[in-house]
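Those letters in the sequence shown? Residues 0 to 497, per numbering that gives the first Met the number 0, in order. We put the CB at the ideal spot given by N, CA and C, even for glycine. Working notes for the structure below.
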Amino acid sequence: MEFETVIGLEVHAQMKTKSKIFCGCSTEFGAPPNTQTCPVCLGMPGSLPVLNRQVVENGIKLALAVDAQINRENRFARKNYFYPDLPKGYQISQFELPIAEHGRLEIEVNGEKKTIGITRAHMEEDAGKLIHDEREPKSYVDLNRTGTPLLEIVSEPDLRSPEEAAAYLKQLHGIVRCLDICDGNMQEGSFRCDANISLRPKGQEKLGTRTELKNMNSFRNVQMALEYEERRQRDILLDGGSITQATLLWNPDTGRTEEMRGKEEAHDYRYFPDPDLVPVLIDETWIEQMRQSLPELPKERRQRFMEQLGLPEETAAILTASRELADFFEQVCAGFNNPKKVSNFICTELLREYAPEQFSTCPFAPQQIATLLKMEEEGTISGKIVKIVFAEMIAKANKANEHTATITLSLFEVSGTLSNPAFDPERIVKEKGLVQMSDEGELLAAVREVIAANPEQVQQYREGKTKVMGFLVGQLMKQTKGKANPQLANKLLADELK
């Protein structure tokens with residue numbers, strides 16, 4: 000029997016706000032446990048929540064970015080359940096009237112594009128965090144995270160493979176970071192995912208029994224967990240068994256899912272409108288203000304890179320994987336107007352050292368990369384020397400990080416006008432004596448030395464075995480330590496061999 004996989008994702012994106020959703024406590028990550036709390040986020044009797052306006056504006060921005068319908072009146076509800084890190088015994092969320100519904104997101108997997116529906120996006124507060132003692136059977140509660148604002152984004156069950164699920168997450172991750180409403184830090188839990196997965200016989204409309212995978216915080220873990228659960232459910236069904244609806248945890252160490260508890264339904268939470276919060280009313284003026292504040296979204300930017308800069312779709316997709324990377328690329332192009340050469344250098348050299356989202360902490364100013372590429376175009380250095388200079392820039396950056404805090408672009412202007420001089424390619428070329436050898440007389444002398452040192456290969460060339468030319472060019476580059484002007488070197492070598 001053939002089965003069809005059905006996946007729906009619930010993404011929790013932590014809002015990039017200075018204070019919590021209903022009180023003035025800080026949302027800063029990494030503070031000592033239980034130091035960022037107050038009577039409101041702890042749910043003390045007599046305390047009243049006050050909604051953070053920025054959370055609503057972030058929700059409007061996301062709705063506009065995913066073509067969702069914005070509910071002009073939306074309402075908060077209490078989601079009742081007991082858990083040790085939930086001090087009030089309920090979570091303030093949204094149920095019947097969320098801020099946004101009926102959105103969509105386009106993904107691409109293996110060259111095929113597909114639109115995934117977004118059921119809803121709603122505002123809610125986060126719970127606290129349990130810290131388990133590995134030495135003895137004790138758990139501690141840190142309530143700093145309690146009340147941190149979240150947007151929960153729920154997809155339609157339109158995803159048909161773990162690969163599609165990972166592609167959807169990457170697209171959504173890029174959007175919330177581009178909008179600057181979430182920092183997207185998956186290691187800190189700022190962007191995490193619950194995944195519902197079920198299998199059904201191909202052609203059947205009715206959905207199968209689903210399991211939910213909780214709190215996965217990397218694209219790789221989401222895809223691996225779904226692949227494992229897909230195999231597990233298929234094996235059970237093929238053996239004539241049935242799937243038990245449950246909440247599971249993914250254990251990356253064992254590569255297996257583990258049952259956490261039985262899966263709750265919406266009625267288990269006994270939702271009802273929160274009596275302490277009035278409905279949120281959103282008018283057209285507010286929506287239009289948010290629309291005008293939207294940045295260029297990744298999809299639009301990718302299209303512009305293709306149409307205006309002539310980049311291939313695959314390259315444009317790589318460069319728009321993060322806002323920081325796309326900004327960096329455009330700033331390099333501002334100093335060296337050759338988009339194809341810039342994109343090639345970034346994709347082959349810089350992305351080997353830094354992930355797309357790390358370009359906000361890349362130690363090199365865009366102007367320094369532009370200068371490096373310009374030196375090659377002007378003939379000051381060769382392509383081989385470019386790699387040597389860049390390797391030296393990386394070495395200097397790594398050495399600096401060993402002795403000081405990480406150098407970030409916030410320490411100097413992104414334009415490169417106040418860039419760190421230690422990474423200046425012109426300075427490195429001068430220090431290392433790497434200026435390209437373009438003097439014809441000096442280069443001719445080196446050509447004649449190579450010819451004299453390799454009589455066997457020279458004879459082969461004169462007998463018509465022209466492929467040996469590559470060997471001789473390599474010897475010349477070795478002789479000149481890679482500094483020979485490639486075009487002039489090839490011409491002089493060919494002339495001398497004739």
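Collapsed DSSP secondary structure at residue i in the structure displayed
i, result
"Arg499", "The requested residue 499 does not occur in the structure, where the chain is confined to residues 0 to 497."
"Thr246", "strand"
"Gln93", "coil"
"Tyr460", "helix"
"Pro311", "coil"
"Met305", "helix"
"Lys497", "coil"
"Pro32", "coil"
"Leu276", "coil"
"Met259", "strand"
"Thr370", "helix"
"Asn336", "coil"
"Phe81", "coil"
"Phe358", "helix"
"Glu498", "The structure shown has nothing for residue 498, since the chain only spans 0 to 497."
Same chain only: Cβ atoms within 7 Å of residue i, ignoring 5 sequence neighbours per side
i, result
"Phe470", "Gln456"
"Ala62", "Ile69, Ile98, Ala99, Gly102, Ala120"
"Cys177", "Pro294, Leu296, Pro297, Arg322"
"Ile384", "Leu433, Gln435, Gly481, Lys482"
"Met325", "Residue 325 is actually Ala in this sequence, not Met. For Ala325, where only same-chain residues beyond five positions count, the Cβ hits under 7 Å are Arg300, Leu318, Thr319."
"Gly505", "Residue 505 lies beyond the range of the chain shown here (0 to 497); nothing can be said about it."
Same chain, Cβ closer than 6 Å to residue i, neighbours up to 5 away in sequence not counted
i, result
"Pro161", "Gln222, Leu225, Glu226"
"Ala166", "Ile106, Val108"
"Pro156", "Val5, Gly7"
"Arg447", "none"
"Ser359", "Glu323"
Sequence-distant residues of its chain with Cβ nearer than 8 Å to residue i (five each side left out)
i, result
"Leu85", "Ala126, Gly127, Thr145"
"Val55", "Ile98, Met122, Val279, Ile281"
"Pro251", "Asn220, Met223"
When the options are compared against residue i, the one with the closest alpha-carbon
i, options, result
"Val467", "Leu371, Cys361, Pro454", "Pro454"
"Ala245", "Asn220, Leu237, Lys213", "Lys213"
"Gly23", "Glu111, Leu50, Gln13, Gly88", "Leu50"
"Asp423", "Leu308, His172, Phe358, Thr370", "Thr370"
"Ala452", "Gly463, Val472, Glu329, Tyr89", "Val472"
"Ile427", "Val449, Gln478, Gly463, Gln367", "Gln367"
"Ile180", "Lys17, Pro338, Ala194, Gly202", "Lys17"
"Glu355", "Ser92, Thr314, Asn336, Arg290", "Reading the sequence as shown, one finds Pro at residue 355 and not Glu. Minimum Cα distance to Pro355 is reached at Thr314."
"Arg199", "Met185, Glu229, Gly188, Ser217", "Glu229"
"Glu430", "Pro338, Lys398, Gly463, Glu391", "Glu391"
"Gly131", "Tyr89, Arg159, Pro83, Lys112", "The question names Gly, yet the displayed sequence has His at residue 131. Residue Pro83 is the option with its Cα nearest to His131."
Cα-Cα separation, residue i to residue j
i, j, result
"Ile174", "Ala488", "49 Å"
"Val39", "Ile20", "10 Å"
"Met305", "Glu283", "34 Å"
"Glu257", "Leu248", "5 Å"
"Asn195", "Lys386", "47 Å"
"Lys340", "Leu475", "26 Å"
"Gln170", "Thr465", "50 Å"
"Gln13", "His172", "11 Å"
"Asn419", "Leu372", "18 Å"
"Ile380", "Leu349", "19 Å"
"Ser217", "Gln486", "47 Å"
"Ser154", "Thr210", "16 Å"
"Glu27", "Ser138", "23 Å"
"Pro44", "Gln93", "22 Å"
Beta-carbon spacing of residue i, residue j below 8 Å
i, j, result
"Leu104", "Ile91", "no"
"Pro365", "Val331", "yes"
"Glu495", "Ile450", "yes"
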